[in-house]
Each structure stands twice: as C-alpha cells, then as structure tokens.
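In the working numbering, the protein residues as written are 1251 to 1494. Don't be surprised by glycine CBs; every beta carbon is placed ideally from N, CA and C. A quick note: this is a predicted structure, and the numbers were derived from the prediction, not measured. A short worksheet on the structure shown next.
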C-alpha cells in the first residue's frame, strides 16, 4: 500500500490503523477518522518532489507567499499552436474584414478609396441585417482564434504556478502577470492527484493536476510529463498538512 498521511496533522498512518473493509483510517496522532480515498497518495507522485526541482520548475517562498511553479515553454507546442493560430485567424480574418467593411458603410459612410476592391464599383452596401448576422456568426470563430493566440503565447513564454498565502490558494496560468487564475480554500484540500481530462485532443485525453478542495481545480495540461508530475507532487507535499 502507498504511504499515507493524515490530512489534518500530516502524521503517518500505519497499516494497523487502517480498516480496509470499512474504507477508513484512524490517525494515531490527532484521532481523526478519514476515508481512505482522502488519504492515499497518488503512487505516481511518491518521492517525485524530493531533492532539487527539475529544469523549468521552481519553489519560491518570500515569507508571505509560497509559489510552486513550472514553465509551460515548449518548442513543439509553440510551433504547432502558431501554425494553427495563423491558419485559423487568416481564414476568419477575411470574413471579419467583410463584416467590418459592412459596419463602416452603415455607421460612417462609403469605404475609403484605399480599401482593395471594396471601394471600387457601384455595388450597394451590405444590408444591416446581413452585417449583424455575420458578426453573430463569426463570434465563436473569433473567440477560438483569440484562445489559440493565448495558447501560443503560453507555449512560448508562459507558466503554471500554485500560490499559497496562509489559507488562500490559487492556481495561475499565463504570461507574466496576465492570465487565468482559479482560487480555492487551501484549508479544504482533500487530495492532490493526476487525472485525465474529460475533453480530448487528437482523440486522446490530456493528463492534468487536480486539486480536490471545496471546488475541483484542474491545470497543467500544457506542461511536459516531468514538470507536471513534479508540480503535482510538490503541490501535494505543500497542501497536505493544511488539509482538513
């Protein structure tokens, strides 16, 4: 059986204090009775966070806030995301220009003479209804393009970071100070483990780090396997003594 620790005090729970049939364990130190599902460490994480962090990972503690993070930089990921972003936005951009031209004609007037093709000839402007429809139709495609642009930036110079300030925990994914942040109660953490995403990419699920607290926080799908496993193990080591 994997090594287990009490989520309240962090003390080791021996085999003699585990009731497999009932699925519970009794901590000999604090007397807390806990389900085994909340105690067991992910076997893939045992001992991973011992020693120096691998290249591209870090642990920083300034006395006020502790940060455990990993770089999401990836040459292959960046090139793949860049190709898709340019291809996708190149096609969508053509339709956006058409919609923008129609909007200009209704709000401002005739198109400037320097607009290729659009300003030549005596074609009637696009109807207002068609302009509105085109913007509504393009909205999800524009959103995908913006998301992919963000993914490209994260693949080039991004990071994934777990931040802990007393009982306030958060996960940050982004570039510099710009990005996505998800907060959780560090005192409510039950388990940190690796799991598979519900969504698929190229018909394959992605592995992510999962923090089970008052809400489920999943992150790290863009990291390399080594960095993801280390970040998950470091997060489990950092959060376990605070769980309750």
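The residue from 1340, 1464, 1440 and 1449 with its alpha-carbon nearest to that of residue 1485 is 1440.
Counting the other Cβ atoms within 10 Å of the Cβ of residue 1412 gives 16 or more, which makes it buried. Per DSSP, the continuous beta strand (DSSP E) segment holding residue 1311 begins and ends at 1307 to 1311. Taking the Cα positions, residue 1457 is about 45 angstroms away from residue 1379.
Distance from the CA atom of residue 1438 to the CA atom of residue 1418, rounded to whole angstroms, is 10 angstroms. In its chain, beyond the 5 residues on either side, 1317 have a beta carbon closer than 8 angstroms to the beta carbon of residue 1311. Distance between residue 1434 and residue 1420, taken at the CA atoms: about 6 angstroms. Here the C-alpha atom of residue 1347 lies approximately 16 angstroms from the C-alpha atom of residue 1359. In the same chain as residue 1465, and ignoring 5 residues on each side of it, the C-beta atoms closer than 7 angstroms to its own belong to 1434, in chain order. Secondary structure note for residue 1453: it is in no beta strand (DSSP E), with a DSSP letter that is neither H nor E. Of the candidates 1300, 1261, 1302 and 1321, the residue whose Cα lies closest to the Cα of residue 1424 is 1321.
Taken atom to atom, the span from the alpha-carbon of residue 1338 to that of residue 1390 is near 12 angstroms.
Of the residues 1265, 1336, 1404 and 1415, the one whose Cα lies closest to the Cα of residue 1427 is 1404. A residue is called buried once 16 or more other Cβ atoms fall within 10 Å of its Cβ, and residue 1262, having fewer, is exposed. Spatial neighbours of residue 1460 in its own chain (CB-CB distance under 6 angstroms, excluding positions within 5 residues in sequence) are listed in chain order as 1443, 1445 and 1468. Its Cα nearest to that of residue 1304, the residue 1480 stands out among 1489, 1488, 1480 and 1487. Shown here for residue 1342: same chain residues with a beta carbon closer than 6 angstroms to its own, the five before and five after excluded, namely 1391 and 1395 in chain order. Annotated as distal: residue 1399 and residue 1474, with beta-carbon spacing of 7 angstroms or more. Of 1345, 1454, 1463 and 1487, the smallest CA-CA separation from residue 1471 is found for 1454.
With a 10 Å radius around the Cβ and a threshold of 16 neighbouring Cβ atoms, residue 1265 comes out exposed.
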